[in-house]
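Asks:
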Amino acid sequence: MIATATIVLACSQPQKRTMQELFHTYPPKTLFIRAFKQERELEIWAGARKLRLIKTYPILAASGVLGPKLQRGDRQVPEGWYHINRFNPRSRFHLSLGLNYPNDADLIRSAGRDPGDDIFIHGSNKSIGCLAMGDPAIEEIYGLARDMKSRIQVLILPSREIKAKTILDSQLNLINAAFEAKNFLPKVRINAKGDYEVTP
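Numbering (this note's numbering), first residue to last: 10 to 209.
Next comes the structure, spelled out in structure tokens:
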């Protein structure tokens, strides 16, 4: 436990210097994580209201294929709008950041099946439904995330250019387009049908 904490503290120093240079403060007001499954890339965005791209990391492993996670054991990485809801410094994958999967949209979409749980952004280079970033990368990401005082939103997309084959694809397109229009974090809600809606 102590050794892990020491590693994280030491590796978070470059992020602190970067944030102080860009925003004259640390930690930034907002941190946003955006991941693309097909391209195997994870982006870190930060700022006050308008966000800036801080760093892009390669995703070393992400099991399954394009498409959402629907049930336990399908080995799929979820697709949707999430937030970090727990930190695990004792992870068997070095360090891990938990996602609030399944959210309300996932529960409705799973149609009564067990949707599974315990989806993480973690170290190592192996994945069963999670985003495996490798140990050096997760030390940086975890160190920065741990210092944040606000909720960290996470958008997991099938690809950078989504071919809207499903209703979920269209909804994720709208969320991503709302973000890219001004680099502001969009306000997203889940309606009673389990659909994502971007609100003003």
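Just so you know, even glycine gets a beta-carbon here, dropped at the ideal spot from N, CA and C.
#1: Pairs of beta-carbons, one from the region 115-135 and one from the region 61-77, closer than 8 Å: are there three or more?
#2: Secondary structure at Thr-27, three-state DSSP: helix, strand or coil?
#3: Distance check for Gln-29 and Pro-111, CA to CA, integer angstroms please.
#4: Out of Leu-140, Glu-189, Ala-190, Glu-206, state which residue places its alpha-carbon closest to the alpha-carbon of Lys-196.
#5: Could you check what DSSP says for Ala-114 in three-state terms: helix, strand or coil?
#6: Only counting the same chain, and skipping five residues up and downstream in sequence, which positions put a Cβ closer than 7 Å to that of His-92?
#7: For Pro-37 versus Glu-50, is the C-beta spacing smaller than 8 Å?
#8: Buried or exposed for Leu-62, please, with buried defined as at least 16 other CB atoms from any protein chain shown within 10 angstroms of its CB.
#9: Assuming Thr-39 contacts Leu-60 under a Cβ cut-off of 8 Å, what Cβ separation, rounded to an integer in Å, is found between them?
#10: Within this structure, are the beta carbons of Gly-125 and Gly-73 separated by less than 8 Å?
#11: When the Cα atoms are used, what is the spatial distance from Thr-13 to Gln-85?
Replies: Reading it off the structure:
#1: Output reads yes: the region 61-77 touches the region 115-135.
#2: Of the three classes helix, strand and coil, the one that applies to Thr-27 here is helix, per DSSP.
#3: When rounded, the distance between both Cα atoms is 35 Å.
#4: Residue Glu-206 is the option with its Cα nearest to Lys-196.
#5: Helix at Ala-114.
#6: Here His-92 has Asn-109, Arg-160, Ile-161, Gln-162, Val-163 as same chain residues with Cβ atoms under 7 Å from its own Cβ, once five neighbours each way along the sequence are excluded.
#7: No, the Cβ-Cβ distance between Pro-37 and Glu-50 is not below 8 Å.
#8: Leu-62 comes out exposed.
#9: Indeed they touch by this definition, with Cβ atoms about 6 Å apart.
#10: No. Outside cutoff.
#11: For Thr-13, the predicted model reports a pLDDT of 38, less than 50, meaning its position is unreliable; a value from the coordinates is still stated below. For Thr-13 and Gln-85, the gap between their C-alpha atoms comes out near 29 Å.
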